[in-house]
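The structure appears right after this line, and notes come after that.
Below, the structure is given as structure tokens:
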């Protein structure tokens with residue numbers, strides 16, 4: 002997939018020498034971000050459970066890949082450590098890994114599946130912020146931590162109850178940690194995609210519509226022409242606003 006035109010306005014080599022870890026970086030938004038970062042001079046560690054896709058992408062853009070299940074804190078710590086071992090620093094952490102939940106009534110909520118989803122979408126986010134913050138504080142150069150939330154965190158009825166609530170939790174984690182980490186020059190932000198036709202969203206619509214031939218183009222039409230725009234919850238030094246640079 003490609004990011005929208007606004008993303009491509011980055012000046013050439015704007016991220017030259019920066020070191021980034023991207024969880025969920027093997028496909029979708031994570032993969033598009035990895036490519037864009039690499040094109041702009043960053044050294045990227047792609048962390049994912051999709052080993053074949055992740056390794057292939059890393060090879061194609063001259064970066065590194067590591068197997069990482071974000072629900073396992075040790076895996077996330079290892080991804081951050083790879084960046085430190087490889088380049089001696091961490092400037093950007095993009096906590097992007099997540100899964101969608103099954104739909105249905107709250108009266109039939111499967112709590113075992115909900116626990117799995119929260120382990121990835123919420124605990125995984127905390128793991129990423131925690132270990133990125135440790136590395137950035139140690140490096141004494143500040144940094145940027147970016148978390149993927151969703152428009153479903155603020156708008157009801159867009160996704161499953163478990164997914165929506167997990168993404169709302171991400172906003173809370175972002176705001177809380179931004180207040181603490183701002184004093185170290187570390188920015189913590191969220192991007193909240195709406196209807197970006199990633200493989201995860203397309204599969205969700207296939208299940209919802211009962212059709213396996215649903216295409217990404219159809220999903221884009223369903224969610225509207227503006228569906229790929231990103232809204233951003235930005236925090237810097239504990240203050241929330243609508244602007245800011247989430248990468249450099």
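In the working numbering, the protein residues as written are 2 to 249. Even glycine gets a Cβ: it sits at the ideal position worked out from N, Cα and C.
Bridge pairing for residue 94: 22 and 146 [DSSP]. For residue 63, same chain residues with a beta-carbon under 8 Å away, outside a window of 5 residues either side, are 39 in chain order. Segment contact: the region 148 to 155 against the region 105 to 115, fewer than three CB-CB distances shorter than 8 Å; contact not assigned. In the structure shown, residue 109 falls within a helical segment according to DSSP collapsed to helix, strand and coil. By alpha-carbon distance to residue 162, the top candidate from 118, 30, 91 and 189 is 118. For residue 191, the secondary structure class from DSSP, reduced to helix, strand or coil, is strand.
Leaving aside the five residues that flank residue 34 on each side, the residues in its chain whose CB is nearer than 8 Å to its CB run, in chain order, 4, 23, 26, 95 and 97. DSSP places residue 128 in the uninterrupted alpha helix (DSSP H) bounded by 125 to 140. Per the DSSP secondary-structure output, residue 48 pairs in a beta bridge with 24 and 67. Counting every other CB atom within 10 Å of its CB across the protein chains shown gives residue 141 a total below 16, marking it as exposed. Note on geometry: alpha-carbon atoms of residue 174 and residue 53 lie some 31 Å from one another. The beta carbon of residue 44 sits closer than 6 Å to the beta carbons of 20 and 88 from its chain, once the five residues preceding and following it are set aside; these are given in chain order. Cβ-Cβ distances below 6 Å link residue 193 to 150, 151, 152 and 232 in the same chain, with the five nearest sequence neighbours on each side left out; the list follows chain order. Apart from sequence neighbours up to five positions away, the residues of its chain that approach residue 123 with a beta-carbon distance below 6 Å are 167 and 170, ordered along the chain.
If you compare the alpha carbons of 135, 36, 155 and 60 with that of residue 146, the shortest gap goes to 135. Residue 189 is positioned such that its CB atom lies no closer than 8 Å to that of residue 132. Residue 15 carries a coil assignment under DSSP once its states are collapsed to helix, strand and coil. Residue 178 sits buried, since 16 or more C-beta atoms from the chains shown fall within 10 Å of its C-beta.
Rounded to whole angstroms, the separation of the alpha carbons of residue 91 and residue 48 is 14 Å.
Contact between residue 67 and residue 57 is ruled out by a C-beta separation of about 14 Å, above the 8 Å threshold. Nearest neighbour of residue 181 by Cα position, chosen from 104, 130, 157 and 65, turns out to be 130. The three-state reading of DSSP puts residue 166 in helix, counting H, G and I together.
Proximity to residue 42 across 59, 16 and 172 peaks at 16, based on C-alpha coordinates. Residue 126 is classed as buried because its beta carbon has at least 16 other beta carbons within 10 Å across all chains shown. Exclusion of the five residues before and after residue 121 leaves 71, 72, 98, 99 and 100 as the residues of its chain whose Cβ lies within less than 7 Å of its Cβ.
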